[in-house]
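Protein chains in written order, with this note's numbering: chain A, 1 to 284; chain B, 1 to 788; chain C, 1 to 152.
Just so you know, even glycine gets a beta-carbon here, dropped at the ideal spot from N, CA and C.
Everything below concerns the one structure shown next.
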Amino acid sequence: MISTAFEYQRANSLDEAIKKLQETGGRGKLLAGGHSLVPLMKLRMSEPGILIDIARIPGLAGIREKDGKIEIFAATVHHDVASSALLAEKCPVVAETAGEIGDPQVRNRGTLGGSLAHSDPSADYPAVMLAVDAEIHLKGPKGWRIVKASDFFQDLFTVDLAADEIIGGVQFAAVKSAGYAKLHQRASGYAIVGVAAALDVKGGVITSARLGLTGAGSHATRMTNVEKALAGQPLSAKTIEAAAKIAGEGIKHVNADIHASEEYRRAMIPVFTKRALEKAMARS
Amino acid sequence: MATTTPVLPKLVGQRVKRREDPRLIQGLASYVDDIKVAGMQYLAFKRSDVAHGRITRIDTTAAAAMDGVEAVFTGAQIAEIVPPMPIGTPFPSPAHHAVAVDVVRYAGEPVAVVVARDRYVARDAADAIVVSYERLPAVVDLEQAMTGKPAVIHKDFANNLAVALVPGGTGVGADYSVDDTAINKAFAAAEVVISQRMVNQRLAPTAIEGRGVLAHYEPGRGTMTIWSSTQNPHILRTMIAAMNGLGQDQVRAIAPEVGGGFGAKINIYGEEYVAAAISKKLGVPIKWVEDRSEAFVATTHGRDILGYIDLAAKRDGTVLGLKLRLIADIGAYNMLLTAAIPTLTMLMANATYNIPAIRVTLTEVFTNKTPTDAYRGAGRPEATYFVERAMDMLARELNMDPADLRRKNFIQPYQFPFATQMGAVYDSGDYEKCMDLALKNAKWKELKAERDAAKAKGRLVGIGMAMYVEVCGLGPSSSLPTGGWEHSGVTIERDGRITATTGASPHGQGNETTFGQMLADQFGVPLEHVTILHGDTSIVKQGIGTFGSRSQAVGGTALHLAGGKVKAKMAKFAAALLEANEDDLVFENGRVFVKGAPASGKSFAEVAAYAYVPVPLPPGLEPGLSDEAFFEPANNTYPFGCHISMLEIDRETGEPKLLKLIAVDDAGNLINPLIVEGQIHGGLAQGIGQAMIEEVVYNSDGQLVTGSFMDYAIPRAIDFPRFELDFTCTPTPVNPLGAKGVGEAGTLGSTPCIVAAAVDALSEFGVKHIDMMLRPEKLWRIIHGGKS
Amino acid sequence: MAQISITVNGKVRKADVEPRLLLTHFLREQLNLTGTHLGCDTSQCGACTVLIDGRSAKSCTIFAVQADGAAVTTIEGLAKDGQLHALQTAFWEEHGLQCGYCTPGMILSAVDLLQKNPKPSEQQIREGISGNYCRCTGYQHIVNAVQRAARG
């Protein structure tokens, strides 16, 4: 398959990329790894007039710890996240989730920023960003802006990102007791249902919890009812079992396709919530 | 001269590594899209985006005006240069244009063609063609289609029946007269009857190399060269010549390196006819290469047959009778072999059992879907699946071990050749021996205990087994419209090297190696001195092609016979040279000598050289060492096997996981076990794929939902355990090699044995049968809703 | 048109290309390196796998312009000084291929895998080649080949 023709530009800094986005007046689209965008272009489901390549902007890739927080820059590829020693030690759920994306070649090229900006309803990253309560750092003509992951994912392929803004990276407090579990769609490998769970535990008691759900609806969401049910409870299999049971309750719209009906997807939410929580508990 | 020469090992039966591989592992092979001819232009097809509709308008002006576009053709314009496409079966069939003229009958059917300077421009131009349709209701549901609803697709085919009803089996005469006495008697005597509706779902063959064609008509010579990713270049040549008003001597068809076929590259497709005709019309080389998105709609699908099965038995497990009503969804048109594929399901309904009475009927139905045709196994996996599933259900009903039930009903070794109720004559077999080896290798008793222990812990683990027998080595000319022989030529060159040709054009089967092994042994020369040529009709004089697991059994035999003729002649030259009796000569270690006196002989090359400068010429001989043979088998071959699987289903999600696959296959004598194992592995992979993850899905509008690998799953490495293979060997008397064919075997036993394991795993929920594929949600519903 | 310079199998290749030209097509059509194959449109099958700066990548999902300045290794560049790469030899020895169409991509994925993990378990091998479809072999002989190459 072959995409429609486009004009190619390359940006060497975030500011230059922003300027180019402004100049193209909405016709421009950012290209980093291209592993969300290029397949759509080849199928002619996306026909951008101008591509602005941001993959070589210096300093836009990397993972580091800063002021007690983990920072992952937007152009970091999934493989580097999956194999990060820092993440393995401090916040394994993020590495685990990155390792669940696509296949080795896709992980060598696909980027965090691209995945978040694209916000496929069954992408893996959004769930874990919600669970670690990530701050997404966006740069626009007026400078930097920080959006909480819980505010960032808004609707189907829709995020809080203006046409002239770029994701610079994400920041989050490391949380060790967290896990990701997903039901694989057997052709694409995407999540039919994916749950990332993070627990703050003190003295054997869950002080707070955050759960991100992907695959089920139009976009990734937090499961606050489960979070509330867990908070203040002793960390135990029993607690997890009870809290997981209510996962998905109250969600109005749940996806349905040939791979999974709405009923099945709904039923899988508690299952994978439990599994994610079990992983989190095992890491606590 | 040295007194000791190294002894060349006998190669037949050895695990010889392939001679094809050096070019393939270095990226030095030439597939069709790797071939370029100066001045070639690219085709792109505008395809219908509706499943059923009348074309009301086609606007090609924007496309034709694009820079780099050479020509644009509508269906009506193509019809002027491409006649309706012929089929290879004797059934009545509606006209099928390579490019739709007025009505489109499946989503993806071509409606216009662009010729452009490169594939990018061609794609842009095809997208710029605007087509309007008057939509007609899409015929999607098979059984509804048989009532003529919601529409009749072809006007002369009432109720969408391509084949209304063909009866077969006990009491059915050659004139299709039907006598029900025996089958009625069998069912009247039954103490137990198993009845089940079973779906053998639609599949996409998906060779990793899609189809492609490069047609080069040279006006100055009046000849056509056509390269195509095909399993049978000689059939391609025949068809291209006929469709273009050329003689077969004026067409050269070449199958270059072919990246998998699996049956879907037997058919000669509209794109091939169109490329050839446009090349002839414009006088330029024309290339077309399929995208994967096109492949899902434009390359034939496989299977898609519904079976209503009734199995009558006594409570001791003796099978008395079998009824099988087959309804095949063949899609929108008949392709080359479409109509014949389900007849192979009929033929093999006897399976491995001595069943006193069988009645099979077959109906074929048009729907608004991509046409079906051969897919690895082609009709036989369907038969195996239906009968083996029913046998498994019977075993469950009778609370019998499934192996014991089979044992009770097998055709016995002394009964071969065995004439079945369906009209086949099974050549040879020892089913019990094969099954016993599989049971032993699987540790059947321990496997059951393992399953029981897992179940006791709440795990959903099941085991299943299945027997199969398939019809291979196709076949006598009476059974194939193309002729059922195969051809080979063998030439001893002047330097003693050997060049051989085979009409069995391979696409991954390794014939350059196996055929080389045979000739090296036959002539006692090193393998490196033998070259096997194939795939080019200007080099290979005649041929049929590679399908139906026939290349070794039929093509290999033709090679063996051609080699034998040349060897006999060479022996005469050697006899003259050595002043010996030709019957006393031995060909060994690159030498020809009198038995018992190797030192006295001549080198193979010396004898060859003499045959080309025969001074003096022995009386009664012509110079040269070259001959050919056609081998017409007297019968098909009937390889068989037993497959056993263990499977676990996730209680919470319904996800199935294959834990074990044990296979024992009997393909008669094996030329190269390494290659045979590869063939079995590949067949298993496709069978397991069908059982567990593959399914072509259409929505109610006739749109293909599984139109890419994002929605159509084929197995990855992580989907399989390590397969455990073994073999029994029951040679066939049908050919002198004793080889039966092995290419499709793996697809036969694997599907029923995996479904049997799934049913076993879920037995606590009272389920008796599960239709393929084992979609997690389907299994979850059984677990959580008690519904199948 | 865009100017690019890509080091392919150790040789610098400069060209003017249409931005939408896929890296696969650049390699195949302009450099005549036809060992890199195309098998799907959606980044699943892996037949187009090459190494970009040492890492396996699906060249059908990358525009040639994106590889500007990069070092690309294709199957044609794997053998050195007439010596087959250990994985090429292993695929040959273990009958890790049939039709051969997926083979170049499969081998390059295995190269990436063994770089990252020189002694992979069977499960790790199966996961490491999970971005490559093979329709012929059922993967078992491919797994054997990677194991053989890893044994050295």
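Under a criterion of Cβ atoms nearer than 7 Å, no residue of chain C is adjacent to residue 665 of chain B; the nearest Cβ is some 14 Å distant. For residue 202 of chain B, the nearest beta carbon of chain A is not closer than 8 Å to its own beta carbon. For residue 277 of chain A, none of the residues of chain B pass the 7 Å Cβ criterion, the least Cβ distance being about 14 Å. Under the 10 Å beta carbon count, residue 144 of chain A is surrounded by fewer than 16 other beta carbons and is classified as exposed.
Interface residue (Cβ-Cβ distance to chain C less than 8 Å): residue 6 of chain A is classified as such.
Residue 265 of chain B counts as buried, since no fewer than 16 other beta carbons sit within 10 angstroms of its beta carbon. For residue 67 of chain A, the number of other beta carbons within 10 angstroms of its own is below 16, and it is reported as exposed.
The beta-carbon of residue 12 of chain A is placed no less than 8 Å from the nearest beta-carbon of chain C. The Cβ neighbour count for residue 52 of chain A, taken over all protein chains shown within 10 Å, is at least 16; the residue is labelled buried. Counting only the Cα atoms, residue 241 of chain B lies some 59 Å from residue 451 of chain B. Taking the Cα of residue 249 of chain B as reference, the smallest distance to any Cα among B:207, B:684, B:538 is reached at B:538. Near chain B, meaning a CB-to-CB distance below 8 Å, the residues of the stretch 158-186 of chain A are 183, 186. Using beta-carbon distances, residue 709 of chain B counts as an interface residue toward chain A, with a partner under 8 Å. Listed along the chain, the chain C residues whose CB falls inside 7 Å of the CB of residue 17 of chain B are 92, 93, 95.
With 16 or more neighbouring CB atoms inside 10 Å of its own CB, residue 125 of chain C falls in the buried class. The C-beta of residue 2 of chain C comes closer than 8 Å to at least one C-beta of chain A. The alpha-carbon of residue 112 of chain A is positioned some 23 Å away from that of residue 273 of chain A. In this chain, the beta strand (DSSP E) harbouring residue 70 of chain A covers 69-73. Annotation: residue 222 of chain A to residue 151 of chain A spans about 10 Å, alpha carbon to alpha carbon. Residue 533 of chain B has its alpha-carbon roughly 17 Å from the corresponding atom of residue 98 of chain C.
Residue B:467 holds the alpha-carbon nearest to the alpha-carbon of residue 665 of chain B among B:467, B:738, B:626, B:686. Within its own chain, the residues whose Cβ lies closer than 7 Å to the Cβ of residue 494 of chain B, once the five positions on either side in sequence are excluded, are 608, 609, 612, listed in chain order. Following the DSSP letters along the chain, one finds residue 97 of chain A in no beta strand (DSSP E) but inside the alpha helix (DSSP H) bounded by residues 92-99.
Contact note: residue 264 of chain A reaches chain B through 777, 780, using a C-beta cutoff of 7 Å and chain order. Taken in chain order, the members of the stretch 680-698 of chain B whose beta-carbon sits within less than 7 Å of a beta-carbon on chain C are 681, 682, 684, 685. Listed along the chain, the chain B residues whose CB falls inside 7 Å of the CB of residue 260 of chain A are 777. Bridge pairing for residue 308 of chain B: B:197, B:325 [DSSP]. Selection B:723, B:508, B:330, B:625 evaluated against residue 162 of chain B yields B:330 as nearest (Cα-Cα). Residues of the stretch 623-652 of chain B with a Cβ closer than 8 Å to any Cβ of chain A, in chain order: 652.
The alpha-carbon of residue 208 of chain A is positioned some 56 Å away from that of residue 93 of chain C.
Sequence-distant Cβ neighbours of residue 125 of chain B in its own chain, meaning closer than 6 Å and more than five residues away, are 63, 66, 69, 114, 116.
Residue 420 of chain B is a Cβ neighbour of residue 350 of chain B, given a cutoff of 8 Å.
Here residue 185 of chain A carries a coil assignment [DSSP, helix/strand/coil].
In chain order, 133, 135 make up the part of chain C whose C-beta sits under 8 Å from the C-beta of residue 714 of chain B. Using a Cβ-Cβ cut-off of 8 Å, residue 148 of chain C does not count as an interface residue toward chain B, since no Cβ of chain B sits closer than that to its own. Identification of residues in the stretch 45-78 of chain A having a C-beta nearer than 9 Å to some C-beta of chain C yields 51, 53, 55, 56, 77, given in sequence order.
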